[in-house]
Structure formats: C-alpha cells, structure tokens
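Colleague:
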Amino acid sequence: MPRRCWLVKSEPGSFSFADLLAAPARTTPWDGVRNYQARNFMRDEMRVGDAVLFYHSGATPPGVVGLAEVASEPYPDPTQFDEGSRYFDPKSRPDEPRWQLIDLRAVRELASMVTMGEIKSHPELRTMEVARRGSRLSITPVDCAHLDLVLEISERRSHG
DNA sequence: GCCAACGTTGGC
DNA sequence: GCCAACGTTGGC
C-alpha cells in the first residue's frame with residue numbers, strides 16, 4: 004500500500020491547528036465539508052494513517068503550520084442532520100447520508116510555518132494544488148515528496 | 001476591500 | 001441540459 008499524503012485548509016479563526024492540539028486525544032471530526040470533490044477524497048481515498056499537512060487560510064501570512072494524520076475510517080458527518088448546525092443539510096437523509104468525513108489527529112506543530120509565499124517561490128513546491136491561482140478546494144492530495152520537503156524546510160530553518 | 005475563480009442554484 | 005446569477009473562498 005503506497006503512502007498517501009494530503010493537505011487540508013482551515014481558517015484559524017474558525018478552527019486552528021492549536022485547536023486541534025487542544026482537542027481531546029488531539030483528534031476531531033473534520034466536519035462541515037460541503038464540497039463534493041473534498042467529500043469524495045474523504046469517503047473514497049483518505050485512510051487511517053495518511054499524512055496531512057494542516058494549512059491556515061485567510062491568515063497573514065497563510066501557510067502550512069502543522070502535521071496531522073487521518074485517524075478514522077469515513078463515516079457520515081453528524082452535522083448534516085443537526086438542524087441547529089450551520090452545516091445542516093435538509094436534503095440529506097439518515098438512511099442515505101450525503102456527507103462523509105474522517106477524523107483528523109494532530110501529530111505535531113511545525114517547527115516554523117511554511118508560508119504560501121515560500122511554497123510559490125520554491126521550484127518544486129510551486130506545483131502544489133494549494134499554490135494554484137484560484138485554488139479553493141479545502142482538501143487536496145499532495146505528492147508525499149512535497150509533504151516531506153515542506154517538513155524539511157520547516158526543520159532546516161528552525162535550526163538556523 | 002477588491003477581485004478572480006469557481007461551485008451551486010434555478011429559470012427556462 | 002444550458003447558462004446566467006449568485007454566493008463563497010481566499011490571496012493580495
């Protein structure tokens with residue numbers, strides 16, 4: 004089974020990597036995703052143990068701040084049935100759930116943030132989906148060599 | 001705050 | 001099924 008790697012975006016104002024570190028067992032259901040492509044990744048391709056870069060969007064600067072991992076098999080997103088939730092989906096039925104999710108667990112915070120600017124200016128990393136103009140997908144597959152490189156850049160800089 | 005990108009909705 | 005209008009994302 005080949006290693007699989009991913010990147011997830013989150014606005015730190017709604018849910019930051021620090022929030023994930025502070026969650027019970029450093030784990031949280033990655034709920035509220037309401038995009039079919041992103042759902043399909045969670046439902047069909049993300050599996051326990053996959054590595055995940057945690058990216059802060061809408062931050063100044065935006066960038067990768069943490070390493071996480073997939074911590075569950077896919078299951079129905081409970082918020083779709085919760086009328087009080089902003090993610091409530093009246094068109095989804097419990098016997099035929101529309102939205103699936105996986106749990107995410109924090110592995111560790113990066114030694115230093117790897118910013119979007121750095122990603123874009125790096126000859127290899129600039130091909131990452133997150134660096135594409137107009138890229139809005141909140142969950143994207145990442146070449147594991149790119150994930151490794153992001154971690155390496157973060158480590159290297161932190162040691163001066 | 002601006003605006004490009006792009007997914008979704010709804011009229012036809 | 002087409003497509004214009006609209007809403008959201010997210011970098012800058």
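For the first sequence, counting from 1, position 22 maps to 25 in the working numbering; every step adds exactly one.
Quick reminder that beta carbons are idealized off the backbone N, C-alpha and C, glycines included.
Quantities reported herein were computed from a predicted structural model and do not represent experimental measurements.
Please check the pair residue 50 and residue 103, which I expect to be a contact at CB under 8 Å, by giving their CB distance rounded to whole angstroms.
Modeller: Taking the first residue of the first sequence as 1, we reach residue 50 at position 47. Taking the first residue of the first sequence as 1, we reach residue 103 at position 100. That pair is no contact at about 13 Å.
Colleague: Touching or not, the stretch 75-94 and the stretch 9-25, by the rule of three or more beta carbon pairs under 8 Å?
Modeller: With a cut-off of 8 Å, the stretch 9-25 and the stretch 75-94 do not count as touching, because too few Cβ pairs lie within range.
Colleague: Do residue 8 and residue 150 have their CB atoms nearer than 8 Å?
Modeller: Residue 8 sits at position 5 when you count from the first residue of the first sequence. Residue 150 sits at position 147 when you count from the first residue of the first sequence. Cβ atoms of residue 8 and residue 150: closer than 8 Å.
Colleague: Report back the beta-carbon spacing between residue 133 and residue 10 to the nearest angstrom; my notes put them in contact at under 8 Å.
Modeller: Locating residue 133 in the first sequence gives position 130, counting from the first residue. Locating residue 10 in the first sequence gives position 7, counting from the first residue. 6 Å between Cβ atoms; contact.
Colleague: Where does residue 124 sit, in a helix, a strand or coil, going by DSSP?
Modeller: Here residue 124 refers to the residue found at position 121 of the first sequence. In the structure shown, residue 124 sits in a helix (DSSP, three-state: H, G or I).
Colleague: Thinking C-alpha only, which one of 73, 77, 72 and 113 is nearest residue 43?
Modeller: The count along the first sequence starts at 1 and reaches residue 43 at position 40. Answer by Cα proximity: 77.
Colleague: So residue 24 is in the alpha helix (DSSP H); what residue range does that whole segment cover?
Modeller: Reading the first sequence from its first residue, position 21 is the one you call residue 24. Its alpha helix (DSSP H) spans residues 20-25.
Colleague: Please report the residue range of the alpha helix (DSSP H) in which residue 42 lies.
Modeller: Stepping through the first sequence from its first residue, residue 42 is reached at position 39. 39-43 is the span of the alpha helix (DSSP H), which, as asked, contains residue 42.
Colleague: In chain order, what residues of the same chain lie with their CB nearer than 7 Å to the CB of residue 72, ignoring the 5 residues before and after it?
Modeller: Indexing the first sequence from 1 puts residue 72 at position 69. Counting only Cβ-Cβ distances below 7 Å, and skipping sequence neighbours, we find 52, 53, 54, 55, 108 and 110.
Colleague: So residue 122 packs on residue 33, CB below 8 Å; how close in whole Å?
Modeller: What you label residue 122 is simply residue 119 of the first sequence in a count that begins at 1. What you label residue 33 is simply residue 30 of the first sequence in a count that begins at 1. Their Cβ separation, rounded to whole angstroms, is 22 Å, which puts residue 122 and residue 33 out of contact at 8 Å.
Colleague: Could you please give me the residues that DSSP links to residue 2 through a beta bridge?
Modeller: Within the shown structure, residues of the chain are numbered from 4 to 163, placing residue 2 beyond reach of any answer.
Colleague: Kindly give me the distance between the Cβ atoms of residue 115 and residue 160, rounded to whole angstroms, as I take these residues to be in contact under 8 Å.
Modeller: Locating residue 115 in the first sequence gives position 112, counting from the first residue. Locating residue 160 in the first sequence gives position 157, counting from the first residue. With 8 Å as the limit, residue 115 and residue 160 qualify as a contact, their Cβ atoms being about 5 Å apart.
Colleague: Quick check on residue 80: buried or exposed, where buried means 16 or more other Cβ atoms within 10 Å of its Cβ?
Modeller: Here the question's residue 80 lines up with position 77 in the first sequence. Residue 80 is buried by the Cβ-count criterion.
Colleague: Run through DSSP, which three-state label would residue 119 get?
Modeller: In the first sequence, the residue the question calls residue 119 occupies position 116. Helix.
Colleague: Can you tell which of 82, 84, 100 and 29 has its C-alpha closest to the C-alpha of residue 69?
Modeller: Stepping through the first sequence from its first residue, residue 69 is reached at position 66. Residue 69 has its Cα closest to that of 29, out of 82, 84, 100 and 29.
Colleague: Please list the segments of the beta strand (DSSP E) lying wholly inside the stretch 52-97, counting only runs of 3 or more residues, in order along the chain.
Modeller: Correct list: 54-59 and 66-73.
Colleague: Does DSSP put residue 34 in a helix, a strand or coil?
Modeller: In the first sequence, counting from the first residue as 1, residue 34 sits at position 31. Coil.
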